[in-house]
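FYI, the numbering for the sequence shown is -26 to -1, 1 to 783, going by mature numbering (1 follows the signal peptide of the UniProt record, and there is no 0). Structure first, commentary second.
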Amino acid sequence: MTPITTSAISFLAGVAVLGLVPVALGHGNDMEMDMEMGMGTGMNMSMGTGMNTTADSYPPTYFALEDHRAAIFGHISLMVLAWVFMLPAAVMLSLARSRYTLALQFVFVVTNASGVLVGTIYNANTPDLYPNNAHHKLGWLVTWVVLVQIGIGLLGRIAGTLKNNAGQLQHGGERQSFIPVSTAALEEHERNDESRFPKFFRLSNDSGQGTEPNTESLRSHSLSSGPPSPHPDAGKEYEDDQEDDDLEARLPASARRRGLYALAGKIACKLSTRTWKVMLFTYNFIDRTILILGFIALSTGVVTFGRFFEGREIFNGLAHWIKGGVFFWLGILTLGRWAGCFGELGWAWNIRPRTVGQKWRPSSEFVESALIFIYGSTNIFLEHISNWGSEWSAHDLEHISITVLFIGGGLCGMLIESTRIRDLLNTTVTEATHSYPEHAYSDEERDELLPPRQYSFSMNPIPALVILLLGIMMGSHTQGSMISSMVHKQWGDLFAGASLARGLTYVIMYLKPPQSILPSRPPTELLTAFGLITGGIIFMASSADTIRGMIHYRLDAMFMYTVTMGLVGLLMAWVIVCIALKGWALRKEAAQDKQRVILSSDTGHFSLIRALHLADLITELNGLCGIMSIFSSMRYLLDGDSSLGNLYAALGLLPLGLFFDFMDGKVARWRKKSSMMGQELDSLADLISFGVSPAVVAFAIGLRTPVDHLCLAFFVLCGLTRLARFNVTVASIPKDGTGKSQYFEGTPIPTTLALDMLMGWWAWSGQIHDAIPGGVVFAGSAFELHPVVLLFVLHGCAMTSRTIHIPKP
C-alpha cells in the first residue's frame, strides 16, 4: 500500500468500526439470546418462543414478494457489479494514482446510477414492507460520498494541481501526483518547487527489434544517477494569491475556452493550497474507507430484503453483524498482508525496508493486540447493562470473564511487542556479560553475544490465542435450536481453524525468519484468511432473525455453510486480482512519471533536444535513412528509369538504417544512459525504415494495382502492430539466466531487409515494372495484382505471429 498515511487511516477506520460495537452490545438482551462472544450484554441465546413462528405469523418480506422480481434482481445484480467488482478495482487504480482511475469511476457511477434507478422503480411499484429502513438512506449517502471523491479527482485533473502533500514527500523525495495530469499542466509549478522534487534517476529502457544480440532489446533497464538541480528560489514561500495565479496559468488554453471544463477550471483556480490539502485528505480518506461503507450498504440491503431486525431486534442484529463484519475485514486484511500489502511497514511477513530517517511503526501484532484490548475495555462496562438493577447471574460473570480475557490478552500482546520490555527481560543476561569487560572473547563467543535471528521479526501468538479460545467457546455453546447450535459451531470451528493456521505460520517463521523485504507469503496465511472471512459471514448469519428466517424458509445450516464457502473462494480470488491490478498500475505510472522527469529536467525552447541522449540521436539517424529512402523513391517516380540511381539509393539507405539501429543499442549500453523516449523513437524509426520505406520502393518498381496497394498497406500495418506488441509484452517474454529474452515473438521487423535485397536484385537485372517476376494475374479485373506482392503479405503475417519463436543469438 501507500506509506504511513495508508496504515494510519486504515487503523482509524478499524477503530471507528470497532467503536460501534459497544453501542450494539449494550442492547442485546431483548431476544434472550446468549450472545456467544461474551462481549455483548448477557444475551440468552435460546430462541425462546419466538423461534416457533408459523407461516401466518411470519411477516411478508421482499424475499417472498412475487411482484416485479426481475426489477429487484436487476437492482441486486447492478449493485453487486458496481460495489463488489468495479469500485474495488477503481480504488486500487486510485491508490496507484493511475490515469485510468476516472474512467473506471465514471463506469461505476453509470452502473450504480442504473441500479439506483431500477431500485427506485421497484420501490414505486411495490408496497413498503420495511418502513424507514436504513438501506435507502445509507445507499444515497455512500453514493454521494463517491460522487464527492470523483468530483475532487475531476477538479484536480482539470486544474493540474493535485500533488503530494508534505507528509508524502519525506520518503526520499518521491514524486507521485495526486491524479495523473499532463506534463504541461505541471511544468510551471514544478519549476517553482524543483528543489523539493530532486531528479534522482534516469530510466533506461529499450525497444529491441532484434538488432542487438547481447541485450534483451536495444536498451537496458539500468538506472543512472542524475545530479539534482538546485533552484535559485529554493525554499521560497508563495502566498495563496500567487499560488492561485499559478494555478490559472497552468490550465490548458483549451480548458479556459470550453463550457463546463472552463467553469471547473475557474473554480479550481480560486482554491488555495490549504483547500487543496483538505480536499486531498478527503480524497485519500474516502479511498481507504469507501469499501467498508459499501460493505455496510450491501449488508443493510440484505437486511432490508429479508426484513430482519425490526423493532428491538435491531440490537441483536447489530451485535452479530458488527462483530461478524469486523472478523470479515480482519480476514480481508490478512489476505492483503499475504499478497504484500503494508509491506513498507513489515506487515507482509517480510523485513521492513530501511529508509533514511526511519521512525518506529507498530507491528501488525501490536495493532491486533491493541484492538483486542480496546474491544475488551469498552465492553466490560456493558455486560450487566441489559439486567441493570437485577442480581448478577452466572451468565453475566461468564461474559465478564471473556472480556477480561480480551483485556488481558490484548495487554499481554502489546507488552510482548514492546522492544523496551523485551530489552528489560534480557537484563540478567546482558548484565552478566558486562561483569567481565576485560574478558578476551573468541570469535565463537562473540557470535554468542549476538541477538538471535528470530529477534528481527515479530512472533506474537496472543491475538491468535484469543480468537482460538473464542472459537472453542462458541463452538461448544448451547443454543435454543439445533440450527442455531450448528451455525454457531460452524463459525466457532472456522475461527479456531484460522487461529491454528496462524500458529503454524509462526512455527514456519520461527524456524526460518524472513530475510528479505519482499513478502514471504506463508501458505498457512491463506487458510487463516479463509477461516476469518468465512467465519465472519457465518457469524453475521447466526443472529436470531436470520436463524428464524432460515427455519421459516426451510433452509438448513449446511445451506448457509456451503453457499458461504463458494462465495468466499470467489471473493478471495477477486481480492488477489485487485491487489495485482494495483501493482500493475503502480509500475505503469512509475514508468510514466520517470519519463516526465527526464523530459522536464531542462527548461527553455530546446529542452526536448537537450533531453535526448547520444543513443537517441543515433536512432534519429535510423529514421533519417528511412525518410531519405522514401524521398529517393519519389524522385525515381518523377524522373523515371533515367534516374535508376535514386532507386538504388532508396534500396541502399535501408541497410544503413539497420546499422544505426544496431549501434544505438551498443551506445546506450556503453554510455549507460537512455530513456523511455528512446524506446518510442526506436519503434517509430524502425516503422519508417523497415515498414514504410520497403513498401514505397515496391510501389516505385511497379506494384501499383489497387490490390497491390491493399497488400502493401497490410504489410505496413503488420509492422506497426508488431512494434506496438513488443513495447507492451517484452517484460512477459521468458528470460534466460542473464535476464535476456530467450526468443523473439514473431520475426523482427528489420528482417524486411530480405525483401529489400530481393527488390535490389530485380532492379539490377531489369525485372521491374512490366518485367516483374510472376507478371500480373486477373489482369483487367478488379482483383488484378502481382503475385510477388504476396511475399509482403506473408512477411507481415510472420511479424505478427505469436507461434513463431526465433531464438535470440
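Ideal placement from N, C-alpha and C gives every residue a C-beta, glycine not left out.
In this chain, H760 is not harboured by any alpha helix (DSSP H), its DSSP state being neither H nor E. Ranked by how close their Cα comes to the Cα of I723, the residues G665, L691, D261, G127 have G665 in first place. One thing to note: G510 has its Cβ no nearer than 8 Å to the Cβ of G350. In this structure, the alpha-carbon of P437 lies about 12 Å from that of L389. Residue state for I374 is assigned as helix, using DSSP reduced to three classes. T263 sits away from A108, with the two beta carbons spaced by 8 Å or more.
As the crow flies, the alpha-carbon of A293 is around 20 Å from that of Y535. Relative to the Cα of G720, the nearest Cα in the group V84, I778, L115, E287 belongs to I778. One Cα belongs to R286, the other to D519, and the distance between them is close to 11 Å.
In the three-state DSSP reduction, Y622 falls in the helix class (H, G or I). When C-beta atoms of the region 479 to 498 are compared with those of the region 448 to 464, fewer than three pairs fall below 8 Å, so the two segments do not count as touching.
H42 is bridged by DSSP to nothing; it lacks a bridge partner. With respect to N86, A64 sits apart: the two C-beta atoms are not nearer than 8 Å. For I780, the secondary structure class from DSSP, reduced to helix, strand or coil, is strand. Beta-bridge analysis with DSSP links E654 to no other residue. The distance from the Cβ of P488 to that of I325 is about 5 Å, consistent with a contact at the 8 Å cut-off. DSSP places E499 in the helix class (H, G or I) of the three-state scheme. V122 sits in a helix when the DSSP states are folded into three classes. Between I346 and G384, the C-beta gap is smaller than 8 Å, which places the two residues in contact. Around F380, the same chain offers I346, Y349, G350 as residues with beta carbons nearer than 6 Å, after the five sequence neighbours per side are excluded. A straight-line Cα-Cα distance of about 6 Å links F82 and M60. The continuous alpha helix (DSSP H) containing E339 extends over residues 338 to 353. Look at K640 here: in three-state DSSP terms it is helix.
Beyond the five residues adjoining it in sequence on each side, G280 comes within less than 7 Å, by CB distance, of T35, F37, G523 in the same chain, given in chain order. Under the 10 Å beta carbon count, A698 is surrounded by fewer than 16 other beta carbons and is classified as exposed.
Residues G505 of the same chain have their beta carbon placed closer than 6 Å to that of G471, with the five preceding and five following residues left out of the count.
Comparing C-alpha distances from M602 to each of L628, D613, I592 shows the shortest one belongs to L628. Between G693 and G600, the C-beta spacing is not below 8 Å. Of all alpha-carbon atoms in N106, A674, G320, the one lying nearest the alpha-carbon of N620 is that of A674. For E594, the enclosing alpha helix (DSSP H) has its first and last residue at 588 to 613. Per DSSP, the beta bridge partners of Y717 are P781. Between T508 and T479, the gap from beta carbon to beta carbon reaches 8 Å or more. CA-CA distance, N97 to V277, rounds to 16 Å. In the DSSP assignment, V751 forms a beta bridge with L759. K709 carries a strand assignment under DSSP once its states are collapsed to helix, strand and coil.
Rounded to the nearest angstrom, the gap between the Cα atoms of W366 and N290 is 21 Å.
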